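For the sequence shown, my numbering gives the first residue as 277, with consecutive numbering after it.
Even for Gly, the Cβ is constructed at its ideal location relative to N, Cα and C.
Source: prediction; values computed, not measured.
Notes follow once the structure below has been shown.
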Amino acid sequence: MKQNKKAYIKKIKNKNMSSNILVTMNVILGTVPSIIVIYMVGLMLDGGLSKSIILMCGVGIGVCLALKALFYGLSLWKAHDAAYGSLTEIRVDMIKHLKTLPLGFFQKRKTGDLANIINHDVEEVEIYLAHALPEIVSASLVPAMIFIVVLLIDWRLGLALICTIPLMLLFSNKSTKIFSGSFAKYFKSTKKLSEDLLEYISTISVIKAFSREEQKTQNILGSIHDYNRWVKNFTLNLTIPMRFTDMILEGGFVVMAIIGSLLLSDGQISTQGFVLALILGGIFTASFAKLQIYHHSKIIFNNAINSIFSVMGEDPPTWGSSSLPDSGDIVFDDVCFSYTDGEETLSHINLRLKKNSMTAIVGASGSGKSTLASLMMGFWLPDSGKISIGGQNLTDMSEKTLSSLVSIVQQEVFLFNLSIEENIRIGKPDATKDEIIEAAQKAQIHDFVISLPQGYDTLAGEAGVKFSGGEKQRISIARMILKNAPVIILDEATAAIDPSNEQLIQKAISNLGENKTLIMIAHHLNTITNAEQIVVMDEGRVIDTGRHEELLASCPLYSEMVEQQTKVDTWQIKEVSV
Numbered sequence: 277m278k279q280n281k282k283a284y285i286k287k288i289k290n291k292n293m294s295s296n297i298l299v300t301m302n303v304i305l306g307t308v309p310s311i312i313v314i315y316m317v318g319l320m321l322d323g324g325l326s327k328s329i330i331l332m333c334g335v336g337i338g339v340c341l342a343l344k345a346l347f348y349g350l351s352l353w354k355a356h357d358a359a360y361g362s363l364t365e366i367r368v369d370m371i372k373h374l375k376t377l378p379l380g381f382f383q384k385r386k387t388g389d390l391a392n393i394i395n396h397d398v399e400e401v402e403i404y405l406a407h408a409l410p411e412i413v414s415a416s417l418v419p420a421m422i423f424i425v426v427l428l429i430d431w432r433l434g435l436a437l438i439c440t441i442p443l444m445l446l447f448s449n450k451s452t453k454i455f456s457g458s459f460a461k462y463f464k465s466t467k468k469l470s471e472d473l474l475e476y477i478s479t480i481s482v483i484k485a486f487s488r489e490e491q492k493t494q495n496i497l498g499s500i501h502d503y504n505r506w507v508k509n510f511t512l513n514l515t516i517p518m519r520f521t522d523m524i525l526e527g528g529f530v531v532m533a534i535i536g537s538l539l540l541s542d543g544q545i546s547t548q549g550f551v552l553a554l555i556l557g558g559i560f561t562a563s564f565a566k567l568q569i570y571h572h573s574k575i576i577f578n579n580a581i582n583s584i585f586s587v588m589g590e591d592p593p594t595w596g597s598s599s600l601p602d603s604g605d606i607v608f609d610d611v612c613f614s615y616t617d618g619e620e621t622l623s624h625i626n627l628r629l630k631k632n633s634m635t636a637i638v639g640a641s642g643s644g645k646s647t648l649a650s651l652m653m654g655f656w657l658p659d660s661g662k663i664s665i666g667g668q669n670l671t672d673m674s675e676k677t678l679s680s681l682v683s684i685v686q687q688e689v690f691l692f693n694l695s696i697e698e699n700i701r702i703g704k705p706d707a708t709k710d711e712i713i714e715a716a717q718k719a720q721i722h723d724f725v726i727s728l729p730q731g732y733d734t735l736a737g738e739a740g741v742k743f744s745g746g747e748k749q750r751i752s753i754a755r756m757i758l759k760n761a762p763v764i765i766l767d768e769a770t771a772a773i774d775p776s777n778e779q780l781i782q783k784a785i786s787n788l789g790e791n792k793t794l795i796m797i798a799h800h801l802n803t804i805t806n807a808e809q810i811v812v813m814d815e816g817r818v819i820d821t822g823r824h825e826e827l828l829a830s831c832p833l834y835s836e837m838v839e840q841q842t843k844v845d846t847w848q849i850k851e852v853s854v
């Protein structure tokens, strides 16, 4: 669900309310001892300071300091409790929201970028809520309270103390605007470094295989140096304005001291009142300076929130909530689709894929075959036109309904680092061991699995690295057999498989496709000659449809593709004598 940015920020900040109340008590109790001390000094100058008063004041100061420490500790605990709760909530919300977004979103965004947001940027929110926000609340309350006390001493001293604040705020606002470009470059370099590091680590085997490690290493080192440069710039552009801000604030303290001296010489204020105003004025300036120090935390927090809402603010596709329809024909009715504006990937597709039949989709790379499959899976929604299964529009179904209707076996198979049994069970979470074995037998993978030392308990390894492409493919098919969806899409399932594995996979596909609507996307045309319907695509359009023999006679493009395939199948390296 798309989140409202302002409402979301308000919600997570409200969790710090109890911490803010405790911080307020801490500030109040921290101010009282100074007032008590000045009161004692006044009594001493007037000759009215007795031992009992000293004892009472000492006890009062001790109690205030003890309570101040207690409230400070409680405020930190509540702030961290609320912050880590918000951190968990944001990450859970992001994961749930990512699951609702179309695959097009993930094509536009790099994996490193998304990982950086979920890990680094969300962590910055926690740092701000747990550490910076309580300090900001404290640094805001202290000057406010001091201003009120100084006003009570003498209104002219109070106005003198804050006379330079408008100039300080104007300078701070202007400097932030001036240096905002360097802030943006710092955040950009942070993001780029995270993306580059993730890409470097994940592709290290390819880099080493093609002897590109020197260039790629230099590139990543360049990103590190670039990040280091902008961190220094960011720090410098915060520090210099901060020092000028301190100077402007101290100017107010100087003005108050001058006016207070004049008032004291005229007898308009008492000595103890003047001394108290000076002490509180120094605390006022120090607290305001501390507030400026935490200004950079707010900049980082706002940038982190903007990054988080570059994900959370994305609109998920609108799905219906209808019940499971009867599986019937799949119909494309004048469907158009584009990944980016102005570049149409599919143009006016009109197709009928009959129930419990085998349809093959062929065409050159980039002709739109896989995009057609992705639309059937609901990974994207058409820009115009509609797709229906059994007479019901895909957009009227829930995601869960569509997922139960359609399954896909892709060329690149991903296996989780779980046992083979658990990887197959993904197709049906409540499946029994017997059902899993039956599915594996139909997928022609059972004999291989039981030959392993740990059998079905064998871990697949990260992303299935322990098995060959054909073995992973058959495990994936077993998963699909167990799911038992009425519509099966095979997207280049045998494109990169050796002949022996291909034969086993063809048997597995035959078992998978029993009483199913089978849609095969294939480059190997010899595997689809028996299809009831072959769809020929070119540049995002359907050129022709029909059986193999019909298309050979009526479709020049299909005839040419078959001829090319024949040449490839009979091609062999000949020995050349020198």
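Within its chain, find whatever has a CB closer than 7 Å to the CB of residue i; leave out the 5 residues flanking it on each side and keep chain order.
{"i": "asparagine 296", "result": "Val413"}
{"i": "leucine 801", "result": "Val638, Met837, Val838 and Gln841"}
{"i": "phenylalanine 463", "result": "Asn579"}
{"i": "asparagine 449", "result": "none"}
{"i": "isoleucine 524", "result": "Thr440, Leu443, Met444 and Phe447"}
{"i": "asparagine 292", "result": "Ala355, Ala358, Leu405 and Leu409"}
{"i": "isoleucine 819", "result": "Val812, Met813, Cys831 and Leu833"}
Leaving out the 5 sequence neighbours to the left and right, which residues in its chain are closer than 8 Å to residue i when beta-carbon positions are compared?
{"i": "phenylalanine 423", "result": "Gly434, Leu437, Ile438 and Phe560"}
{"i": "aspartate 502", "result": "Ser465, Lys468 and Leu469"}
{"i": "aspartate 472", "result": "Gly388, Asn495, Ile496 and Ser499"}
{"i": "glutamate 697", "result": "Lys709, Ile712, Tyr732 and Asp733"}
{"i": "lysine 574", "result": "Tyr404, Ala408 and Ile412"}
Should residue i go down as buried or exposed, given a rule of 16 or more other Cβ atoms within 10 Å for buried?
{"i": "arginine 701", "result": "buried"}
{"i": "isoleucine 684", "result": "buried"}
{"i": "alanine 772", "result": "Residue confidence is low: alanine 772 scores 49 on pLDDT, short of 50, so the model does not pin down where it sits. Its coordinate-derived value is still stated next. Its Cβ having fewer than 16 others within 10 Å, alanine 772 is exposed."}
{"i": "alanine 739", "result": "With a pLDDT of only 48 at alanine 739, under the threshold of 50, the placement of this residue in the model should not be trusted, and no figure is reported."}
{"i": "glycine 306", "result": "buried"}
{"i": "threonine 616", "result": "exposed"}
{"i": "aspartate 397", "result": "buried"}
{"i": "serine 641", "result": "exposed"}
{"i": "isoleucine 849", "result": "Interpretation of isoleucine 849 is limited by its pLDDT of 46, a score under 50 that renders its predicted location unreliable; the figure taken from the coordinates is listed afterwards. The residue is exposed, with fewer than 16 neighbouring Cβ atoms inside 10 Å."}
{"i": "arginine 750", "result": "buried"}
{"i": "leucine 390", "result": "buried"}
{"i": "asparagine 302", "result": "buried"}
Bridge partners for residue i per DSSP, in chain order?
{"i": "asparagine 669", "result": "Ser664"}
{"i": "leucine 735", "result": "Ser695"}
{"i": "threonine 616", "result": "Glu619"}
{"i": "phenylalanine 608", "result": "Leu627 and Ile663"}
{"i": "glycine 822", "result": "Ile810"}
{"i": "threonine 635", "result": "Ile795 and Gln809"}
{"i": "arginine 857", "result": "Given a span of 277 to 854 for the chain in the structure shown, any question on residue 857 remains unanswerable."}
{"i": "valine 530", "result": "According to DSSP, which records beta bridges pairwise, valine 530 is partnered with nothing at all."}
Taking the beta strand (DSSP E) that residue i belongs to, which residues open and close that run?
{"i": "phenylalanine 655", "result": "Careful: phenylalanine 655 lies outside any beta strand (DSSP E) and carries neither H nor E."}
{"i": "serine 644", "result": "Going by the sequence as given, residue 644 is glycine instead of serine. Segment: none, glycine 644 is in no beta strand (DSSP E) and carries neither H nor E."}
{"i": "glutamine 686", "result": "682-686"}
{"i": "valine 766", "result": "The amino acid occupying residue 766 in the given sequence is leucine; valine does not appear at that position. From DSSP, the beta strand (DSSP E) with leucine 766 extends over 763-767."}
Along the chain, where does the alpha helix (DSSP H) that runs through residue i open and close?
{"i": "glutamine 730", "result": "No alpha helix (DSSP H) holds glutamine 730; DSSP gives it neither H nor E."}
{"i": "glutamine 544", "result": "No alpha helix (DSSP H) contains glutamine 544, which DSSP labels as neither H nor E."}
{"i": "aspartate 357", "result": "327-376"}
{"i": "leucine 427", "result": "409-429"}
{"i": "alanine 719", "result": "Counting along the chain, alanine 719 falls outside any alpha helix (DSSP H), and DSSP gives it neither H nor E."}
{"i": "asparagine 392", "result": "387-392"}
{"i": "glutamate 747", "result": "745-759"}
{"i": "isoleucine 403", "result": "398-403"}
Please work out which residues of its chain come closer than 6 Å, Cβ to Cβ, to residue i, disregarding the five sequence neighbours upstream and downstream, and give them in chain order.
{"i": "glycine 318", "result": "Gln548"}
{"i": "histidine 407", "result": "none"}
{"i": "lysine 281", "result": "Phe585"}
{"i": "lysine 344", "result": "Asn302, Leu305 and Gly306"}
Does residue i get closer than 9 Å to chain B when you measure Cβ to Cβ?
{"i": "asparagine 296", "result": "Looking for chain B here will not work: only one protein chain is present."}
Hey, is the segment 683-692 in contact with the segment 721-731, meaning 3+ C-beta pairs nearer than 8 Å?
Output reads no: the segment 721-731 does not touch the segment 683-692.
Segment contact flag, the segment 549-568 with the segment 397-416, C-beta cutoff 8 Å, min 3 pairs:
Yes, they touch.
Inter-stretch contact (C-beta, 8 Å, three-pair minimum) for the segment 530-543 and the segment 309-320
Contact between the segment 530-543 and the segment 309-320 is absent, with fewer than three C-beta pairs closer than 8 Å.
Do the segment 576-591 and the segment 602-612 meet, that is, are 3 or more Cβ pairs less than 8 Å apart?
Under the three-pair Cβ rule at 8 Å, the segment 576-591 does not count as touching the segment 602-612.
With a threshold of 8 Å, are at least 3 pairs of Cβ atoms found where one atom belongs to the segment 359-371 and the other to the segment 416-432?
Verdict: no, contact absent.
Specify whether the segment 315-329 and the segment 367-375 touch according to this definition: at least 3 beta carbon pairs, one from each stretch, less than 8 Å apart.
Too few Cβ pairs lie closer than 8 Å, so no.
Sufficient close CB pairs (3 or more, under 8 Å) joining the segment 744-758 to the segment 714-722:
Enough Cβ pairs lie closer than 8 Å, so yes.
Check whether the segment 660-671 touches the segment 827-837, taking contact to mean three or more Cβ pairs, one atom from each stretch, closer than 8 Å.
Contact between the segment 660-671 and the segment 827-837 is absent, because fewer than three Cβ pairs lie under 8 Å.
Is the number of C-beta pairs between the segment 616-634 and the segment 646-660 that are closer than 8 Å three or more?
As far as the Cβ criterion goes, the segment 616-634 touches the segment 646-660, which means the pair count is three or higher.
Indicate whether the contact test is met: 3 or more Cβ pairs, each with one atom in the segment 635-655 and one in the segment 795-810, closer than 8 Å.
These segments touch.
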